[in-house]
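Using the numbering used here, the first residue of the sequence shown is number 19, and each one after it goes up by one.
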Amino acid sequence: GTKVTVSGLFGAIVANPTILAASPAAGNNGHQKFCVGATAARGAWSGSSASLILTVCAGQSLLKDTEYRLTFGVTNPSQYQESPDVSIQASNGVVVPVALMNRDPASLVGVEFGSSPLR
Numbered sequence: 019g020t021k022v023t024v025s026g027l028f029g030a031i032v033a034n035p036t037i038l039a040a041s042p043a044a045g046n047n048g049h050q051k052f053c054v055g056a057t058a059a060r061g062a063w064s065g066s067s068a069s070l071i072l073t074v075c076a077g078q079s080l081l082k083d084t085e086y087r088l089t090f091g092v093t094n095p096s097q098y099q100e101s102p103d104v105s106i107q108a109s110n111g112v113v114v115p116v117a118l119m120n121r122d123p124a125s126l127v128g129v130e131f132g133s134s135p136l137r
């Protein structure tokens with residue numbers, strides 16, 4: 019089946035399986051398209067590769083030219099680190115090249131660049 023892999027989440031502490039939620043801006047319930055086994059709205063965490071693997075549920079598909087936004091919880095490491103480069107890749111028999119994800123430079127709860135991943 020189709021897989022979407024978010025990699026480079028070094029230092030993240032993540033539950034496995036990971037509970038996915040809809041981003042308020044998405045409006046299309048895209049998080050429900052991903053499963054671990056038969057359970058929807060889940061992703062599989064691989065600590066060894068610091069990656070979240072999202073597998074499209076049986077009977078579901080991702081639509082061309084459609085943006086899917088979802089959220090998942092991580093706990094930052096206890097030690098300070100620069101925000102790592104986080105990438106995304108899709109595969110379904112044919113591998114789509116890895117793409118670097120954009121960082122949000124905004125401050126969050128008083129932390130400069132706190133909106134960046136794992137800052």
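Glycine is no exception: its CB is placed at the ideal position from the N, C-alpha and C atoms.
Give me the Cα-Cα distance between residue i and residue j, rounded to the nearest whole angstrom.
i, j, result
"A76", "G19", "8 Å"
"S66", "V104", "15 Å"
"L80", "A30", "27 Å"
"P102", "N94", "12 Å"
"K51", "L27", "22 Å"
Is residue i helix, strand or coil when you go by DSSP?
i, result
"G48", "helix"
"L118", "strand"
"F90", "strand"
"N110", "strand"
"V54", "strand"
"K21", "strand"
Which residues in the same chain have their Cβ closer than 7 Å to the Cβ of residue i, if we skip the five residues on either side of it in sequence?
i, result
"L118", "D103 and S105"
"I71", "K21, T23, G61, A62 and S64"
"V114", "Q107 and A108"
Within 10 Å of its beta-carbon, does residue i have 16 or more other beta-carbons around it, so buried, or fewer, so exposed?
i, result
"V22", "buried"
"P123", "exposed"
What residues in its chain sit with their C-beta under 6 Å from that of residue i, if we drop five residues either side in the sequence?
i, result
"Q99", "G29"
Who are the near neighbours of residue i in its chain, counting only those whose CB is closer than 8 Å to its CB and skipping five residues on each side?
i, result
"G90", "Sequence check: residue 90 is Phe here, not Gly. The answer, listed in chain order, is V32, T36, I37, L38, A39, G61 and L70."
Since residue i and residue j should fall inside the 8 Å C-beta cutoff, what is the C-beta to C-beta distance between them, to a whole number of angstroms?
i, j, result
"S41", "L88", "6 Å"
"Y86", "N120", "Between N120 and Y86 the Cβ distance is about 15 Å, and since that is not below 8 Å, they are no contact."
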